[in-house]
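Heads up: the structure comes next, in structure tokens.
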Amino acid sequence: MIRHVVVALLVALLGIAFWTLTAGYLPDAELNRTAAYYAAHAQDEVGAPNIVTGIIVTWRGLDTLGEVTVLFLTSAVIALVLTQSKTPAGATGAGFLPSGELLTTGTRMIVPLIVLLGAYVIMNGHLTPGGGFQGGAILASGALLTLLAEPTRRFGHSVIARVESASGLTYVLVGLAGMMIAGGFLDNGILPLGRFGAMLSAGAIPLISVLIGLKVGAEFSSILESLHETEDA
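The sequence shown begins at 815 in my numbering and counts up by one.
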């Protein structure tokens, strides 16, 4: 009885909080100084129709570096914690039931399309909604589907680690090149901006998006693989 009362009180408090926020909400009549600068100078300085990607990849590139670093630390900690729970040698797949033919066949057909969609989202992140984070998550979903369809399959941790390390190192090097050649860390001016709206445009943003996509995809895949290896422990 007391539990139900506490839950009801919490729900009521949350309802009051949300009602207060929504009832007192007034949309801004104009952009603040920072947002107005982004909107006014995105085309000239960044050359990307997708202003959000331009902000994340260039103007706030250090924030993006921090985010991928947190994701890397998360995957590393998960792998470290689950090390003692991994399947003993020779027992791979002992606790798994074979997948159905429909799931296996469907996976073989869909995974290539998932990878293609992930690559498209990454490469077009400066033109349309998307980018490295979104595309990397899509690539990892293909890895997840593969693990579900083939429970005994294992991804090479060494390959995933090399992709993650190489993309992360190159990302930092591109950022440092922006400091030396252009105006700051991850400044996309190290490459020509090109024609506005073209595929090969927005300077180094497409390259940075590819690096972020590979890093995020590898880190998510590493987390999924580490979790998968404990299922039959």
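In this text, a Cβ means the ideal position worked out from N, Cα and C, and glycines have one as well.
DSSP-derived helix/strand/coil call for residue i
{"i": "residue 943", "result": "coil"}
{"i": "residue 768", "result": "Missing from the structure shown is residue 768; the chain here goes from 815 to 1047 and no further."}
{"i": "residue 839", "result": "coil"}
{"i": "residue 1001", "result": "coil"}
{"i": "residue 861", "result": "coil"}
{"i": "residue 822", "result": "helix"}
{"i": "residue 1030", "result": "helix"}
{"i": "residue 915", "result": "helix"}
{"i": "residue 937", "result": "helix"}
{"i": "residue 964", "result": "coil"}
CA-to-CA distance, residue j to residue i, given in whole angstroms
{"i": "residue 997", "j": "residue 975", "result": "32 Å"}
{"i": "residue 874", "j": "residue 826", "result": "38 Å"}
{"i": "residue 1042", "j": "residue 972", "result": "16 Å"}
{"i": "residue 1005", "j": "residue 964", "result": "43 Å"}
{"i": "residue 922", "j": "residue 833", "result": "48 Å"}
Reference residue i, options the options, closest by Cα
{"i": "residue 988", "options": "890, 837, 1000, 917", "result": "1000"}
{"i": "residue 861", "options": "1010, 966, 1030, 1025", "result": "1010"}
{"i": "residue 1022", "options": "927, 1014, 985, 1041", "result": "985"}
{"i": "residue 983", "options": "815, 947, 956, 1029", "result": "1029"}
Supposed close pair residue i, residue j - CB separation, criterion 8 Å
{"i": "residue 978", "j": "residue 1033", "result": "6 Å"}
{"i": "residue 1031", "j": "residue 970", "result": "That belief does not hold up - the Cβ atoms of residue 1031 and residue 970 are roughly 15 Å apart, past 8 Å."}
CB contact flag (residue i, residue j, <8 Å)
{"i": "residue 867", "j": "residue 932", "result": "no"}
{"i": "residue 981", "j": "residue 889", "result": "no"}
{"i": "residue 865", "j": "residue 853", "result": "yes"}
{"i": "residue 1019", "j": "residue 872", "result": "yes"}
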